[in-house]
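Below is one structure; the comments refer to it alone.
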Amino acid sequence: MKKLTWLLRIVGFIQIVLGVMYLLAPAYILKSMGHSVPSPDIFYPLGMLAARFIAYGVAFIYISNDPSKHRLWIVFMIMIQAIDLLAGIYYTATGVVSLQLSGFAMFNATWIMVLCYVWLPKESKDT
């Protein structure tokens, strides 16, 4: 199995797990990561975010069978991870969160973004 196929499946699985946790146990996941637990009304937008995690995760597992046909999905994941990383840098630099709290997520955003970029299928001449 190609390395990109494995990457897409791993990233898809991570997205699904995060989505399920934010949907079914938002207070638990936030607290276990060291974040403060927001008031319960914030769980609704976290549930909406969870839907996107789950949908993107399922899509990544699906596209892993033929990544070259789904290049744009991979480009979008690169964009998502770049935004995640920039948000982490900003909120860490401004003192909103500590590096201890943001470091792991920023590390994950970096390796996902870099590997998706490096292993991104070449654009076909047909498009």
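So the sequence shown is numbered by the numbering used here: it starts at 334 and just counts up by one.
Backbone N, C-alpha and C fix where the C-beta goes; we use that ideal spot for every residue, glycine too.
Nothing here was measured: the structure is a model prediction, and the numbers come from that model.
Alpha-carbon to alpha-carbon, K455 and L382: 30 Å
Through-space distance from Y377 to A388, alpha-carbon basis: Whole-angstrom Cα-Cα distance: 17 Å.
Does S435 get closer than 7 Å to chain B when you measure Cβ to Cβ? In summary, chain B is missing from the structure at hand, where a single protein chain is found.
Taking Q414 and A438 to be in contact with their CB atoms under 8 Å, please state how far apart those CB atoms are, rounded to whole angstroms. Not quite, the Cβ-Cβ distance comes to about 10 Å (not below 8 Å), so this is no contact.
Would I407 and G345 qualify as a contact pair, given that the criterion is a beta-carbon distance under 7 Å? no
Checking 7 Å against the spacing of the C-beta atoms, do Y361 and I411 come in under that value? no
In terms of alpha-carbon separation, which member of S435, R404, K336 lies closest to G421? S435
Taking only the alpha-carbon atoms, compute the straight-line gap between L351 and P359 and give it to the nearest angstrom. 10 Å
If we ignore side chains and look at the alpha-carbon of each, how far apart do S431 and K402 end up? In this structure, the CA atom of S431 is about 40 Å from the CA atom of K402.
In terms of residue numbering, what span does the alpha helix (DSSP H) encompassing W452 cover? Run containing W452: none; DSSP gives neither H nor E here.
Quick one: give me the first and last residue of the alpha helix (DSSP H) that D399 is part of. Boundaries for D399: no alpha helix (DSSP H) harbours it, and the DSSP string shows neither H nor E there.
Only counting the same chain, and skipping five residues up and downstream in sequence, which positions put a Cβ closer than 8 Å to that of Y355? I362, L379, G380, L382, A383, F386
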